[in-house]
Structures are given as structure tokens and as C-alpha cells.
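> Let me begin by handing over the structure; questions about it come next.
In this note's numbering, the protein residues as written are 6 to 486.
Rendered as C-alpha cells:
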């Protein structure tokens with residue numbers, strides 16, 4: 006009996022080993038199947054079971070399905086696709102700087118034109134009538150962005166830059182020969198503005214395609230060109246009008262612009278190829294179905310209503326207040342010189358703190374300083390301090406306005422959506438100065454009503470910007486937006 010026991014135990018051990026081996030084989034097979042399902046090679050005995058990170062199965066099937074259903078950005082449009090720097094990108098910024106020096110830089114010194122017209126060839130017209138020339142110049146420059154934006158999306162910036170340069174310089178040359186009201190209006194307000202609109206929109210839209218994370222800084226550096234233009238051009242024109250007359254002063258400016266715009270034509274380009282599209286009117290209105298876009302445009306319209314009034318009238322207002330005549334010609338250059346910092350620093354800060362957040366800060370500062378200092382300030386020092394602070398704050402608005410539109414827009418429609426936004430805001434630029442001029446005339450030359458109108462439109466803009474931010478993130482204060 007005893008010999009049979011070892012045989013039984015041996016048989017049981019053999020059976021147990023076979024079962025264990027079979028279980029191990031089954032585990033190997035299952036393990037290999039898992040990896041084969043993910044496209045990997047069969048796992049060897051010494052391999053460890055670990056799923057590739059890109060193939061991790063989401064424990065929440067509903068979340069996985071939602072993520073799978075999200076639309077992916079087309080090639081070249083993902084945040085990681087933007088260079089955010091490099092030689093080509095910064096050359097575009099440099100070319101845009103030249104373009105903004107010539108276009109928006111001249112807009113920043115329209116006060117020189119108002120002063121010259123009111124004391125020279127158009128002295129028989131009141132200030133409100135003269136203001137229609139400069140306000141219409143701003144209006145057509147922005148409103149024709151509707152068409153320039155569509156042309157940019159379809160054909161890129163090259164021909165917009167070239168044709169815009171020719172038309173703009175020709176318009177300025179014709180303005181230098183004008184002597185009647187209608188001639189100034191046709192040449193300066195319409196013809197030159199159509200050309201400047203093409204250049205302006207091509208520069209603004211091109212920078213968007215090269216920068217994402219550093220977009221605020223790029224915009225700030227580019228639009229600082231308009232600040233330097235607004236600093237140099239008033240002094241240059243004031244001195245040249247006294248020495249060689251208005252005609253040659255403006256022709257000299259036109260030749261300078263031709264040189265700078267030639268540089269812009271060579272350097273401004275889009276990173277993405279153009280995609281020709283038919284003109285569809287509905288494209289211009291589709292953005293207004295989005296609350297954030299609509300509110301942002303309304304806020305910018307309100308701010309545009311008031312922001313150009315100091316540029317247009319501060320020279321005349323300072324003269325009426327009895328400011329030292331030797332200081333008056335330098336008020337606009339002071340505003341524009343300080344706005345160089347105002348256009349760069351808020352842009353850099355906006356990339357870190359949020360563009361809507363910084364926009365609310367700079368527009369609030371503009372409103373407060375206008376109501377609290379420009380109105381009661383009567384001395385030379387008060388006017389100069391106002392010019393410094395307003396220059397910084399308004400500069401931040403100019404640099405961040407397009408960046409806000411780009412932040413809430415599909416880059417493939419950036420030309421159309423930016424153009425539509427500029428078209429609406431141009432109505433504020435068109436009507437603001439004539440309304441302010443009419444207020445001054447009705448008050449027999451007193452500027453208090455104008456200053457109140459300027460400050461309150463800025464307050465309205467701040468409130469609407471706050472609502473636009475609330476629509477996006479609610480009442481969260483420390484959220485980057």
C-alpha cells in the first residue's frame with residue numbers, strides 16, 4: 006500500500022503544475038491580446054504590462070465620448086503651430102510697425118489739421134464742420150475694413166499692401182493741393198482713407214497668424230509705431246507749415262510714408278495660405294450671434310466715441326484755457342510719446358494676466374483721469390499730467406482692441422470679423438468729434454460739455470467690457486480672460 010502513495014502525490018503535483026502552466030499561458034495570451042489591440046508587438050515573458058500613454062482608456066466613457074466629439078483645429082491653427090517668434094514673425098511685426106506709423110500715426114495728429122484748417126483755408130467754417138473732415142477720415146479708414154478684411158482672407162496681404170500704399174500716398178498728395186472744403190474732404194477723408202484702410206487691415210490681420218501666446222506683446226510693439234508717428238508728425242508738420250507751408254509739409258510726409266510703406270510691403274505676410282471665398286453678406290453678421298463678440302464690439306464702439314476727442318480738441322481747449330503758447334504744440338506729441346509705453350506694456354501684461362482683464366483696467370483709468378483731471382485741470386501742469394496719463398491708458402486700448410477680437414474669433418475668419426468690428430467702431434469715430442464740436446458751439450466755446458461726453462462714453466465702455474467678461478467666465482475675479 007505504501008508504494009502507491011508517492012505515485013498519487015506525484016500525479017496530483019503533475020496535475021497542479023499543468024493547471025498552473027495553463028493559467029499562466031492564458032494570462033500571457035490575454036496580456037498579448039491587450040497589446041495587440043493597441044497596435045503593439047506581442048509582450049515577451051520579461052515584459053511589464055503598461056499601456057502606452059496615448060492609448061490610456063478613459064474610465065469615464067461619457068467624458069471620452071465628449072472629448073472625441075470635440076472639433077479639432079485644422080492644420081496650422083492649433084496653439085502649438087504658431088511660431089510666437091523667429092525672424093519671419095518679427096519681420097512681420099517690423100513691417101506692421103512701419104504701416105501703423107504711416108496710417109494710425111497720422112490719425113493720432115489730426116488735431117494739427119483741425120488747428121490749421123480752422124485758422125487758415127477753412128476759417129469761415131465752424132469747428133463742428135471742420136471736424137467732419139478728420140472724423141470721416143477715421144471712419145472710412147475703419148469702415149472700409151469690411152471689404153479689406155474679406156480681400157485679406159481670400160488673397161492674403163500682398164496686393165492689399167501694394168494697392169493701399171499707392172492710393173494712400175496719392176490721396177495725401179492731392180490733399181496737399183486742396184484749397185476748398187470739398188477738396189479736402191474728397192482727398193483726405195475718402196481717397197487717402199481707402200488706401201490707409203487696406204494697409205492698416207493687412208498689417209493687423211497678418212500679425213495674428215504668427216503669434217498666439219505672445220499676441221498681446223506683438224500687437225503692442227506693432228501699434229507703438231502709430232504712437233511714434235503721432236509723436237514725430239505733429240512737431241514735424243507744425244515746424245514745416247511755418248517754414249514751407251502746408252502743401253510741402255504734407256508732400257514731405259507723403260514721401261516719408263512711401264519709403265516706410267515700401268518696407269512694409271516687403272515684410273508683411275501671412276503664415277497661412279489664403280483661401281478664396283465668395284462674398285457672403287451673412288459672414289459679416291455671424292459673429293454678432295455670439296454674446297461675447299457683440300458685447301466686445303459695443304464696448305469698443307463706446308470707447309471710440311470718446312477716445313479721439315482729446316486728440317482732436319485738446320490743442321484748442323488748451324489755448325482757450327490760456328496755456329503757454331510755446332507748450333501747446335507739444336501736447337499731442339506728449340500724449341503719443343507716452344502711449345508708446347502704453348501700447349507695449351499693457352500688451353505684455355495682458356499675455357500674463359488676461360487681455361479682457363487688462364483692457365478693463367486701462368479703459369477705467371482713461372475714464373477716471375478724463376473726469377477727475379481734464380475737467381477741473383486749468384493749469385499748464387494739470388493739462389500736461391492729463392496728457393501723460395491719458396496717453397498711457399488710451400495706448401493700452403489701441404493695442405488690446407484687435408487682440409480681444411482675435412481671442413474670441415476663428416483665425417480663418419479673422420479678416421471678416423476684425424473688419425466687421427472696425428466697421429461698427431468706425432461709427433463712433435465718425436460721429437464723436439462732430440457731436441463734440443456741436444456741443445462746444447452750443448456752449449459758445451466752452452469745453453465742459455465735450456469733456457463730460459468724452460468721460461461718460463468711456464465709463465459706458467468699461468461697463469460693457471465687464472459684462473463681456475462676465476458672459477465668458479461669470480463673476481470669477483482672479484480668472485485669466
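Cβ atoms here follow ideal geometry from the backbone N, Cα and C, with glycine treated the same way.
Evaluate the contact criterion for the stretch 265-272 versus the stretch 360-379: three or more CB pairs, one atom per stretch, below 8 Å.
No, the stretch 265-272 does not touch the stretch 360-379.
> Within 10 Å of its beta-carbon, does residue 283 have 16 or more other beta-carbons around it, so buried, or fewer, so exposed?
Residue 283 should be labelled exposed.
> DSSP three-state label for residue 456, please.
Looking at residue 456 - three-state DSSP - the assignment turns out to be helix.
> Does residue 21 come out as helix, strand or coil in the three-state DSSP assignment?
Low confidence applies here, because residue 21 scores a pLDDT of 47, under 50, leaving its location unreliable and the question unanswered by this model.
> Please say whether residue 184 and residue 126 have beta carbons closer to each other than 7 Å?
Yes, these two residues count as a Cβ contact at 7 Å.
> Return helix, strand or coil for residue 127, following the three-state DSSP convention.
In the structure shown, residue 127 sits in coil (DSSP, three-state: anything other than H, G, I, E or B).
> Do residue 140 and residue 439 have their beta-carbon atoms positioned less than 7 Å apart in this structure?
Taking 7 Å as the Cβ cut-off, residue 439 and residue 140 qualify as a contacting pair.
> Just verifying my parser: in three-state terms, what is the DSSP assignment at residue 425?
In this structure, residue 425 counts as helix in the three-state DSSP scheme.
> With a cut-off of 8 Å on the beta carbons, I'd call residue 320 and residue 120 a contact; round off their distance for me.
Their Cβ separation, rounded to whole angstroms, is 5 Å, which keeps residue 320 and residue 120 in contact under 8 Å.
> Check whether the stretch 236-246 and the stretch 407-418 touch, using three or more Cβ-Cβ pairs below 8 Å as the test.
Too few Cβ pairs lie closer than 8 Å, so no.
> So which of 253, 151 and 96 has the shortest CA-CA distance to residue 180?
Among 253, 151 and 96, the Cα nearest to that of residue 180 belongs to 253.
> Does DSSP put residue 265 in a helix, a strand or coil?
Correct three-state label for residue 265: helix.
> Could you give the DSSP three-state label for residue 341: helix, strand or coil?
DSSP places residue 341 in helix when its eight states are reduced to three.
> Quick one: using the 10 Å Cβ neighbour count with 16 as the cut-off for buried, is residue 105 buried or exposed?
When all chains shown are included, residue 105 counts as buried.
> To the nearest angstrom, how far is the alpha carbon of residue 145 from that of residue 219?
Approximately 30 Å, taken between the alpha carbons.
> With distance defined between alpha-carbon atoms, name the residue in 456, 433 and 475 nearest to residue 137.
If we check each option's Cα against that of residue 137, 433 comes out closest.
> Let me confirm a value: residue 416 is counted as buried when at least 16 other C-beta atoms fall within 10 Å, else exposed. Which label applies?
Buried: at least 16 other Cβ atoms inside 10 Å.
> If we count the other Cβ atoms within 10 Å of its Cβ and call it buried at 16 or more, is residue 222 buried or exposed?
With 16 or more Cβ atoms within 10 Å of its Cβ, residue 222 is classed as buried.
> Of the choices 446, 481 and 456, whose alpha-carbon is the least far from that of residue 130?
Cα-wise, what sits closest to residue 130 is 446.
> Is residue 286 near the ligand SAM, in the sense that its beta carbon is under 6 Å from a heavy atom of that ligand?
This structure lacks the ligand SAM, and indeed carries no ligand of any kind.
> Please check the pair residue 402 and residue 371, which I expect to be a contact at CB under 8 Å, by giving their CB distance rounded to whole angstroms.
Right, the Cβ-Cβ distance comes to about 7 Å (below 8 Å), so this counts as a contact.
> Quick one, which of 227, 342 and 466 has its alpha-carbon nearest residue 240's?
Per the Cα distances, 342.
> Closest by CA to residue 314, which one among 95, 461 and 160?
The candidate whose alpha carbon is nearest that of residue 314 is 461.
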